[in-house]
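Structure, as structure tokens:
Numbering (the numbering used here), first residue to last: 4 to 174.
Pasting the structure below:
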């Protein structure tokens with residue numbers, strides 16, 4: 004770990020591959036991953052990285068393209084119960100129905116993620132209005148909700164009911 008007296012204003016990650024592998028303290032080095040953290044955003048990246056290392060897949064990272072490495076480090080496919088719902092709101096998930104959805108998710112202790120299967124499928128925290136709105140959900144898009152925790156099934160049921168009821172906008 005390296006520290007700096009300079010302030011980090013934004014969390015960032017850099018992937019540097021060595022043109023040819025070299026040895027450091029008896030270990031072959033094929034590349035470096037640098038993380039600059041200004042908030043807790045880096046925790047997810049480090050969790051993904053440690054998972055790949057513990058699964059024996061670290062070497063595969065350096066055989067891939069930089070884009071694939073970044074995706075592996077930043078994209079998380081969460082485990083838990085899942086269910087897919089179709090959004091019927093005429094204007095998709097804009098601020099008002101998005102806030103209603105987030106408020107339903109926040110009522111539960113379970114961790115809840117949502118992915119827009121009709122777009123890029125990236126998972127985001129369903130309890131964050133900004134992240135939910137960033138999914139760009141339009142009418143008839145399919146959303147996959149994944150809930151993990153003691154009240155996961157109840158959370159999915161409540162989310163399904165809220166979506167079926169139009170998220171405060173009627174059907």
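Positions of the beta carbon are idealized from the N, C-alpha and C atoms, including for glycine.
Of all the options 39, 22, 140, which has the alpha carbon lying nearest to the alpha carbon of residue 123? Looking up residue 123 in the chain shown gives position 120. Here the closest residue by C-alpha is 140.
Going by DSSP, which residues form a beta bridge with residue 112? Taking the first residue of the chain shown as 1, we reach residue 112 at position 109. Residue 112 is not bridged to any residue.
Taking 8 angstroms as the cut-off, is the CB of residue 149 close to at least one heavy atom of the ligand SAM? With respect to small molecules bound, the structure shown includes none, and the ligand SAM cannot be examined in it.
What residue from 106, 138, 76 has the CA that sits closest to residue 46's CA? Residue 46 sits at position 43 when you count from the first residue of the chain shown. Nearest of 106, 138, 76 to residue 46, Cα basis: 76.
Which ranges would you report for the alpha helix (DSSP H) in the segment 36-62 if only whole runs of at least 4 residues count? Correct list: 44-57.
Length at least 4, wholly inside the segment 126-168: the alpha helix (DSSP H) runs in chain order: Counting whole runs of 4 or more residues, the segment 126-168 contains the alpha helix (DSSP H) stretches 132-136, 155-167.
By alpha-carbon positions, which one of 25, 19, 157 ends up nearest to residue 38? Stepping through the chain shown from its first residue, residue 38 is reached at position 35. Checked all of 25, 19, 157; the closest Cα to residue 38 is 19.
Indicate whether residue 83 and residue 152 have their beta-carbon atoms separated by less than 9 angstroms. Counting from 1 along the chain shown, the entry for residue 83 is found at position 80. Counting from 1 along the chain shown, the entry for residue 152 is found at position 149. In this structure, residue 152 lies closer than 9 angstroms to residue 83 by Cβ.
Using a 10 Å radius around the Cβ and a threshold of 16 neighbouring Cβ atoms, would you call residue 144 buried or exposed? Taking the first residue of the chain shown as 1, we reach residue 144 at position 141. Label assigned to residue 144: buried.
Considering Cα atoms alone, identify which of 61, 172, 40 is closest to residue 97. Numbered from its first residue, the chain shown carries residue 97 at position 94. Of the residues 61, 172, 40, the one whose Cα lies closest to the Cα of residue 97 is 172.
Identify which residue in 121, 125, 130 has its Cα closest to the Cα of residue 115. Here residue 115 refers to the residue found at position 112 of the chain shown. If we check each option's Cα against that of residue 115, 130 comes out closest.
With distances taken Cα to Cα, identify the nearest neighbour of residue 159 among 121, 109, 24. The residue labelled residue 159 in the question sits at position 156 within the chain shown. With distances taken between CA atoms, residue 159 lies nearest to 109 out of 121, 109, 24.
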